[in-house]
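All residue numbers for the sequence shown refer to our numbering, where the first residue is 5 and numbers rise by one.
Built from N, CA and C at the ideal position, the CB exists for glycine as well.
Since this is a predicted model, take the numbers as computed values, not measurements.
This report concerns only the one structure given below.
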Amino acid sequence: MENGFSVSLSNLTSLRRQMDVIANNLANMNTGGFKAEQVLFEEYVAPVAQGAKPAKNVSFVLDYGVKRNFAPGNISP
């Protein structure tokens, strides 16, 4: 039961961080010099004790960083 809550919590916190980054991108998209960001996700599969046969593999979603796009923007007159 505890694993189910941990998996759900990791998913919710990762999605909340992604929503915060998207909201920031939308709020600042018309700001001069603004560089958009993207959340980086990774799946973590919990190790199983040797010899044990779990009913299901337990995996978590981890947001391990934010990538900023440094590509040059359009030049407008």
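- Runs of the beta strand (DSSP E) lying entirely within the region 20 to 64, each at least 3 residues long, are 41 to 49 in chain order.
- Its Cα nearest to that of Arg72, the residue Asn28 stands out among Asn28, Tyr48, Lys60.
- In terms of Cα proximity to Gly69, the closest of Ser63, Val43, Lys57, Tyr48 is Val43.
- Inter-residue distance for Ser10 and Phe64 is about 8 Å (C-alpha atoms, whole angstroms).
- The alpha-carbon separation between Gly55 and Arg21 amounts to approximately 37 Å.
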